[in-house]
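Protein chains in written order, with my numbering: chain A, 5 to 713; chain B, -7 to 139. Backbone N, C-alpha and C fix where the C-beta goes; we use that ideal spot for every residue, glycine too. These numbers come from a predicted model, not from an experiment.
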Amino acid sequence: MARVAAPVAPLSNIESEAKLAFVEFLLTSVDVQESARRAIDWLVAHVAVSEAAVLVVEGPGTEILLVAEHGIPAGTIVDFSLARDDSRHPLVEALNAAETLYIQNLPTHHPSPLESRTLHAIPLRADASEPTYGLLLVAGIGPQLDSDTLWVGRTLGKHVSRLLGRQVLAETRFGQERMLLYSIINAVTDPILLTDTEGKLIIANSHAEKLFAAPEEASEGWRRAAALNNMLFSAALSTSAVSMSELARRELLLVDPLEGSDLLFELLSSRAKDERQGTYVVSILRNVTDLARAKEEIEESYRTLRVAQAEVRDERHRLDLIIDSVADPILVTDQEGDIVLMNTPAERLFNAPGLEDEAALRRVRANGANLTSFVSNVLTRSGEQRYRGEIQLTDPLIGRPLPVEALAGTILSEQGELMWVVTILHDLTEAIEKARLYEQLKQASVELERKVQEATAELAEQNELLRRQHIALEQASALKSQFLANMSHEFRTPLNAILGYTHMLLNNVTGQVTDPQRKSLTRIDSNAKHLLALINDILDITRIEAGRMPLNATTFRVSELFEEVQSELEPIIKRSNLIVSTKQRGAVPSVRSDRQKVKQIVLNLLSNALKFTPAGSVTMTASYEARRREVAIAVKDTGVGIPAEDQAKVFEDFRQLDSSPARGYGGTGLGLSICRRLANMLGGTIDLDSSPGHGSTFTLRLPAKARRR
Amino acid sequence: MSARERPLVLVVEDYQDAREMYAAYLQFSGYGVAEAANGVEAVEKAQELLPDIVLMDLALPRMDGWEATRRLKADPRTRHIPVVALTGHALAGHAEGAREAGCDAFVTKPCLPDALVAEIQRLLDRQPTKSDNKASSPTTRTARKRP
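Structure representation (C-alpha cells):
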C-alpha cells in the first residue's frame, strides 16, 4: 500500500489534482517505458511542449535508448542511436552534467531524437548525489524552463532511479505485493474504504472512489454528490464509533454521483489496530438498493393480491346473485360430468331438496340422467365452443313433461384443457305451444285462402254470366229501341194520310161538307192528333232510354226562350183567360245547354199549368243560384194543386190526375215523365212544390254550363 | 223553259195514298203537279219536265231520295231546282244526310198538306228567276202542338 501523502509539494499554478494523478500513476507503475510515456503525455497536456523525448541508460557502457517521445517523425525514431561513451556528444555531456542543460543550435552531425536543434536536457536521477539514469528532452518552450516541467523531470527522475537503482529489486517485490492487494480490493464489487477514526479517507478501492472521489474532469453535480457522500459516510462512521462495537452494521443512504439516484447501502465497519499508525476503520458498503426495491415490490404485489382477492370474492358473490336471479336453470359440470354449481331453478329440477315422494325422486334421477347424457355429448365434441340441443325433462313436482332447449359452453384452462361445461336450459313448452298455434293459424289461413279463391272464382263466373246477360240485355234493348223507332215510323205513314185527308175534307177540297159531317171530321182529326202525340212521346222516351237522344249545346238567354214559348202557346193562352207573365229575379247569365230540350220542358210545364188552372195566373220566373251555378226556371200557377201523396206520381208514365182532356186538348200522360228524363239528361232536376187549393210550382234547375257528356 | 201558268211541283212518294193526297191538295191550292213513285222515275221525270220544285220522300224503292237528289244536283239542267226532303224519321242523321245530298229544305212527316204548301211557297218565293206567282194558298198554323 502506498501512502497518499506525496513528498512533492504542489507549487505551480497547475491543478494539484493533475499532479496527484500523475504521482499516483507512478506509484502503481513498475515499468520505465510506461512511466516515461505518461510523463511526456502530462507535459503535452499541461505544458506547451512541441517535442519531447525520454532517453534511458540501460547499464554502464551500453547504448542510450529512446523509450518515449512526442512530436517526432517515425523515421527519426528508427535512425536515432547514441552511445554512452560518445563523451563529446552534447547529450552525453548533459547526462553527466550536474544541472539541466539548455543546448542551443546542436550541430547536425550529433544525432538527436528531436527535430529541433535547441532543447532542454533534464537529467533523470533521485538527487544530485545519485547517478543519472537518463534524460528528459524538451523543445519548444523557450530558454526559460518552467517549474512544472522541472517538477515532472524531478519526479520522473526519482521514479526511474528507484526502478533502475540498486534497491529496485526489493522495492519492486514490495510494490508487486502491494499492487496485488490493491487489485484484490479493486476486484471486490462492494466499495471498500480505509479511514481513520474521524472518517478521513486513507485508501479506497475503485468502487468506493466512484462514490467518494470526483475525478478532475467531473461535473459540478458529480463533485457535489461526492462531497455529500463523504459527509454522510463520516456521520455514519462517527455514530458507529460512539457505539464502539467491533462490527457495526447499519444502513447508509448515498447518492449515485453519475445517475443522481438514491443508493441504499449496508455499512459494515470494523476497527483495525496498527501499532505503528494507530487505529483505522475498515468499512465495506453493500449495495442493498435493489434488495430494498424488491422488498417494496413484493409488499406492493402482496397488497395488490389482497385487493384482487377481495374483488374476486365480491365478483363471486355478485355472480351468484345474478345466476340465481336468472329464471332459466343454469348448471356447471366438471369434466367428469358431475354438477359443481347450479342456480335455484336448476335445483328444482335436478336436486329437489326435501322431496319425499318416490315418483318425484325418480323424476329427478331421470332428469339427471338426461342431463348427463347431454353433457357427455358436449364433452366428446370438445372442439366446439358452443353446443345446442334439446332435452326432455319432467317437472319433478307435478310430473308435467318439460321439453327444454340446452345451450352448453365449455370453459378451458389456460393450457386448453376442458375444465367445466356451463349449461343453460330454456323451457320450450311455451315455444312449442306457440309453434302449434302458429301451425293451426297457418292451416286456418290456408283454408281461408282456399275459400276466398273459391268465392272469387264463383264471383268471376257470375260476373261473366252477368256480363253476358248485360250484353244480351243491351242487344235486346237496342233491338227494342229499333223496333219502337221503326214502329213509330210505320205508325206515322198511315196517320199522315188520315190527318191529311181529314184536313182536306175540312178545308172543303173535295166539296162543301155539312155541319154534322164537319163535327165528325173534327173528332177524327182530334183523335188522330192525340195518337200522333202519343207516338211522338213514346219515341222520345225510347230514344232517351236507349241513349240515342242527341244533345246539341248552344248558348242562349232564358228570357228569349220565355218569349218563344209564350208566342208558341199564344192561342191557348188567349183561350184560357189567364194572366201569363214572366219574371227575372236578379241577374241571370246566359245558359249553355241544349236549347231544344230546355224549350221542350218549359213548353210542357207551361201548357200543363194552363191546362190545370181554371182561373188566376201563371208566372214563369228565371233566377240564378251562384253558389251551385244553377239556373232555376219556376212555373207557378194558381190552379187546383196536387196533394202531397200524389206529387211523386205525376212524374210517372201515363199518369194524369185528371185524365179527361180538360180543354179539348188532352195530354198523353207522358209529358212530365219525359220532362224529368230530359232534365236529368241535361244534368238538372225538376221539383214540385204544391198543395191542393194553392196552386203548383214546377221548378227546373239546370247547370248554367252543361258538362259534356 | 217557258213560263208556266202555275208552278209545277214534282211529288216523289212511294206511298200512293200520301202521294195522291199531296197532289190533290197542291192542285187545289193552285199548283201544277207531276208524280213519281221511286227514285229512278223521279230523276227521269225531273229531267223531262224540269219542274219548279221537287218534293222528295227519302225512303224510296229502286233508288232512295238521297241518291236521286244527288243526281239532280249533279245535272246542270236540274241543278237549280229546289228539293224539299220529306221523311217519317225525325232522327238527326236523316236531316244531315239530306242537306249533304243537296236538299234545300227538310219536312218531317206527318206534315199536314197546308204546312207542306207553305214550305213549298216559301222556297219558290226565294227563287229569283221565277215569274209572278199568283198561288197564295190559305196558310194554316204550322206549329206542331205538343202537350
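Contact list for residue i against chain B, beta-carbon separation under 8 Å
{"i": "A501/A", "result": "Y7, D9, A10 and M13"}
{"i": "L470/A", "result": "In chain order: nothing, as chain B lies at least about 32 Å away."}
{"i": "L536/A", "result": "P102"}
Selected residue, minimal CA-CA separation from residue i, among the options
{"i": "A51/B", "options": "I436/A, G358/A, G420/A and H493/A", "result": "H493/A"}
{"i": "M553/A", "options": "F560/A, V53/A and I545/A", "result": "I545/A"}
{"i": "S700/A", "options": "D641/A, P219/A, L167/A and V71/A", "result": "D641/A"}
{"i": "I44/A", "options": "E443/A, V142/A and T122/A", "result": "V142/A"}
{"i": "V569/A", "options": "K603/A, L555/A, A222/A and E97/A", "result": "K603/A"}
{"i": "G551/A", "options": "A482/A, A613/A and N531/A", "result": "A482/A"}
{"i": "T201/A", "options": "F216/A, T159/A, S223/A and S273/A", "result": "S273/A"}
{"i": "V46/B", "options": "M13/B, K65/B and G22/B", "result": "K65/B"}
{"i": "L167/A", "options": "L30/A, A501/A and G282/A", "result": "L30/A"}
{"i": "A532/A", "options": "F560/A, T518/A, A222/A and Y505/A", "result": "Y505/A"}
{"i": "L0/B", "options": "N30/B, R63/B, M13/B and A38/B", "result": "A38/B"}
{"i": "T337/A", "options": "F378/A, A130/A, R310/A and E649/A", "result": "F378/A"}
{"i": "Q40/A", "options": "D693/A, H74/A, V51/A and S20/A", "result": "Contrary to the premise, residue 40/A reads as Ala rather than Gln in this sequence. That would be H74/A, whose Cα lies nearest to the Cα of A40/A."}
Euclidean distance between Cα positions of residue i and residue j
{"i": "F702/A", "j": "I690/A", "result": "7 Å"}
{"i": "E27/B", "j": "V622/A", "result": "49 Å"}
{"i": "P105/B", "j": "E36/B", "result": "25 Å"}
{"i": "S627/A", "j": "A708/A", "result": "11 Å"}
{"i": "N374/A", "j": "A439/A", "result": "24 Å"}
{"i": "T348/A", "j": "D324/A", "result": "10 Å"}
{"i": "L682/A", "j": "I637/A", "result": "14 Å"}
{"i": "L397/A", "j": "A410/A", "result": "11 Å"}
{"i": "S85/A", "j": "S116/A", "result": "8 Å"}
{"i": "H211/A", "j": "D318/A", "result": "53 Å"}
{"i": "R69/B", "j": "D56/B", "result": "20 Å"}
{"i": "A10/B", "j": "P102/B", "result": "10 Å"}
{"i": "T567/A", "j": "L477/A", "result": "The sequence shown places Glu at residue 567/A, rather than the Thr named in the question. Those two C-alpha atoms are separated by around 43 Å."}
{"i": "T80/A", "j": "L118/A", "result": "8 Å"}
{"i": "R121/A", "j": "T153/A", "result": "19 Å"}
{"i": "Q588/A", "j": "L503/A", "result": "40 Å"}
{"i": "M453/A", "j": "G393/A", "result": "A small correction: the amino acid at residue 453/A is Glu; Met does not occupy that position in the sequence shown. Looking at the two C-alpha atoms, the distance is approximately 36 Å."}
{"i": "N381/A", "j": "V456/A", "result": "50 Å"}
{"i": "N540/A", "j": "Q486/A", "result": "15 Å"}
{"i": "T559/A", "j": "C95/B", "result": "28 Å"}
{"i": "S129/B", "j": "E564/A", "result": "No answer about S129/B holds up, because its pLDDT of 41 lies below 50 and its placement is not dependable."}
{"i": "A537/A", "j": "T61/B", "result": "31 Å"}
{"i": "R290/A", "j": "I196/A", "result": "9 Å"}
{"i": "P94/A", "j": "Q148/A", "result": "19 Å"}
Beta-carbon neighbours of residue i, restricted to chain A and to distances below 7 Å
{"i": "L104/B", "result": "L503, G504 and H507"}
{"i": "F20/B", "result": "V513"}
{"i": "A16/B", "result": "M508 and V513"}
Cβ neighbour criterion (16 or more within 10 Å) applied to residue i
{"i": "K578/A", "result": "exposed"}
{"i": "P696/A", "result": "exposed"}
{"i": "H507/A", "result": "buried"}
{"i": "P43/B", "result": "buried"}
{"i": "Q444/A", "result": "exposed"}
{"i": "Q8/B", "result": "exposed"}
{"i": "M235/A", "result": "exposed"}
{"i": "D361/A", "result": "exposed"}
{"i": "R631/A", "result": "exposed"}
{"i": "Y14/B", "result": "buried"}
Cross-chain neighbours of residue i in chain A, by beta carbon under 8 Å
{"i": "Y23/B", "result": "Per Cβ cutoff of 8 Å: no residues; Y23/B is ~13 Å from chain A at best."}
{"i": "K101/B", "result": "R496, T497 and N500"}
Assumed close pair residue i, residue j - CB separation to whole angstroms, cut-off 8 Å
{"i": "L2/B", "j": "L41/B", "result": "7 Å"}
{"i": "L256/A", "j": "L271/A", "result": "4 Å"}
{"i": "V61/A", "j": "G138/A", "result": "6 Å"}
{"i": "L18/B", "j": "V109/B", "result": "7 Å"}
{"i": "L676/A", "j": "V654/A", "result": "5 Å"}
{"i": "E144/A", "j": "S54/A", "result": "According to the sequence shown, residue 144/A is Gly rather than Glu. Right, the Cβ-Cβ distance comes to about 3 Å (below 8 Å), so this counts as a contact."}
{"i": "P333/A", "j": "L429/A", "result": "4 Å"}
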